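The block underneath contains the structure these notes are about, expressed in C-alpha cells.
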Amino acid sequence: MIVSIMQPAYLPWPGYFHRIMSSDLHIVLDNVAIDCNSKTKFTNRNRIRTPQGFSWLTIPLKAASPSRMINALQTAENADWRRKHLRTLDQFYAKAPHYTEQRQWLEPLLLSQTDSLLQSITPITNALKAVLGIETPSVSSSTLPVTSSKSQLIVDLCVAVGATTYLSGPFGRAYLELDAFAARDITVLFHDYAPQPYTQCFKGFVPALSVVDMLFNQGPETPGIIRSGQNASLSKE
Numbered sequence: 000m001i002v003s004i005m006q007p008a009y010l011p012w013p014g015y016f017h018r019i020m021s022s023d024l025h026i027v028l029d030n031v032a033i034d035c036n037s038k039t040k041f042t043n044r045n046r047i048r049t050p051q052g053f054s055w056l057t058i059p060l061k062a063a064s065p066s067r068m069i070n071a072l073q074t075a076e077n078a079d080w081r082r083k084h085l086r087t088l089d090q091f092y093a094k095a096p097h098y099t100e101q102r103q104w105l106e107p108l109l110l111s112q113t114d115s116l117l118q119s120i121t122p123i124t125n126a127l128k129a130v131l132g133i134e135t136p137s138v139s140s141s142t143l144p145v146t147s148s149k150s151q152l153i154v155d156l157c158v159a160v161g162a163t164t165y166l167s168g169p170f171g172r173a174y175l176e177l178d179a180f181a182a183r184d185i186t187v188l189f190h191d192y193a194p195q196p197y198t199q200c201f202k203g204f205v206p207a208l209s210v211v212d213m214l215f216n217q218g219p220e221t222p223g224i225i226r227s228g229q230n231a232s233l234s235k236e
C-alpha cells in the first residue's frame, strides 16, 4: 500500500493533489507544529495569478496561542480575511472561463464561520478532492497512536496504517532516515512534480499556483492536466 503524508494546506497546488492521486491512503499531518519555512509554508497561505505574476492569499493567525500545533491554531480575531480573499479572487478571475461555476461551490466554504484554521481549510480541500475526482481515502495523524517526531514520526505513521511504500515529497531527501524505513520493510519513493503548462488569465505561465487557478481557467480538464504533470516521477533517489 502506497501512503503519502502531508501537512494540510490552504487551497493547495496541483502537486499536492497529484501526490494524493498517486497514493492508496493519504495521512493528513495535523498534529505537528506549523511549518514556518518561507519556502515551504503553505498551511495557511497559497499563491494566485495576477497581471504582475502572483500574489499570496494568507489566512491571518491568532497571535497569542498556547500551541503551534496545526490542529490547535486559530485564525486572527476580527479579521475579515474570508471576504477579502473572495474579493481578490473576483478581481483577478472574473473573466476566467470557468470562474463562475467554480465560485458557486467555493464561496460558501470560504465564508463559513469558524475560528479553527484546520476547520477552515479542511472542507475546502475535501471539496477540491471531490471536484478533481480523487477517491483516495485519508486519515488524520492525530487519530493514530503515534507520538514520535521528525523522520521517526513518518516511519511510525506508515507502520500504523500498514504501508509498504511511503511516497515522500522531494524535500524528504534531506531529512528522512532511510535505514529506519528499510528496517520496517517500507520502500521510500520521492515524488517530483511540475505542472503541465496551461492557459492562464494573464500573459505567460506562472507555475506552482493554487489548484484553483487551474480550475478557474481549465474547468473539467483540470484532473487530466494534473495527471499529466511534467517530470512527474516516483524514484528511490
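Under numbering that gives the first Met the number 0, the first residue of the sequence shown carries the number 0, and numbering increases by one thereafter.
Glycine included, C-beta positions come from ideal geometry on N, C-alpha and C.
Remember, predicted model here, so these are calculated numbers, not experimental data.
1. Taking all protein chains shown into account, do 16 or more other C-beta atoms lie within 10 angstroms of the C-beta of T198, making it buried, or fewer, making it exposed?
2. Excluding sequence positions up to five away, which residues of its chain have a Cβ less than 6 angstroms from the Cβ of A207?
3. Whole angstroms is fine: what's the gap from I19's alpha carbon to H25's?
4. Compute the beta-carbon to beta-carbon distance between V27 and S147, rounded to the nearest angstrom, for a pair I have assumed lies under 8 angstroms.
5. Near S150, what residues of its chain come up, given a Cβ to Cβ distance below 7 angstroms and the 5 sequence neighbours on each side ignored?
6. Check this for me: beta carbons of P237 and I120, under 7 angstroms apart or not?
7. Is the separation between the beta-carbon of F215 and that of Q101 shorter than 7 angstroms?
8. Answer with buried or exposed for N70, where buried requires no fewer than 16 other C-beta atoms within 10 angstroms of its C-beta.
9. How should D29 be labelled, buried or exposed, when 16 other C-beta atoms within 10 angstroms of its C-beta is the threshold for buried?
10. In angstroms, rounded to a whole number, what distance separates the CA positions of L10 and L116?
11. For Q195, which option in H97, F204, L188, V187 has the closest C-alpha, if you only look at C-alpha atoms?
12. Candidates I225, A159, Y92, T57: which alpha carbon is nearest A78's?
13. For the region 97-155, which segments carrying the alpha helix (DSSP H) assignment without a break, of at least 4 residues, lie completely within its bounds, in sequence order?
14. Could you give the C-beta distance for T163 and L188, rounded to a whole number, given that I count them as a contact under 8 angstroms?
15. For a test of the three-state rule: what should DSSP assign to Q73, helix, strand or coil?
16. Where DSSP assigns a beta bridge to L24, which residues make up the other side?
17. Between the Cα of A32 and the Cα atoms of A75, T42, K38, which residue gives the shortest distance?
18. Determine the extent of the alpha helix (DSSP H) in which L221 is found, giving its start and end residues.
19. For Q112, I'd like the list of residues in its chain whose CB is within less than 6 angstroms of its CB, leaving aside the five on either flank, ordered along the chain.
20. Going by DSSP, what residue range makes up the alpha helix (DSSP H) through L186?
21. DSSP state of T163, grouped into three classes?
22. What residues in its chain sit with their C-beta under 6 angstroms from that of D155, if we drop five residues either side in the sequence?
Considering the structure as presented:
1. Flag for T198 reads exposed.
2. W12
3. 6 angstroms
4. Rounded, the Cβ-Cβ distance is 17 angstroms, inconsistent with contact.
5. Y174, L175, E176, A179
6. Any answer about residue 237 is impossible in this case: the structure gives the chain only from 0 up to 236.
7. Contact: yes.
8. buried
9. Result: buried.
10. Their backbone Cα atoms lie some 13 angstroms apart in a straight line.
11. F204
12. Closest in C-alpha terms to A78, from the list I225, A159, Y92, T57, comes T57.
13. As far as the region 97-155 is concerned, its whole alpha helix (DSSP H) runs of at least 4 residues are 98-109, 116-130.
14. Not a contact, Cβ separation roughly 11 angstroms.
15. strand
16. V2
17. Here the closest residue by C-alpha is T42.
18. The displayed chain sequence assigns Thr, not Leu, to residue 221. In the DSSP assignment, T221 falls within the alpha helix (DSSP H) that extends over 221-226.
19. none
20. The residue asked about is misnamed: residue 186 is Thr in this sequence, not Leu. That residue, T186, is in no alpha helix (DSSP H); its beta strand (DSSP E) goes 186-193.
21. It is coil, neither helix nor strand.
22. Excluding sequence positions up to five before and after D155, its CB lies within less than 6 angstroms of the CB of V145, S147, all in the same chain and listed in chain order.
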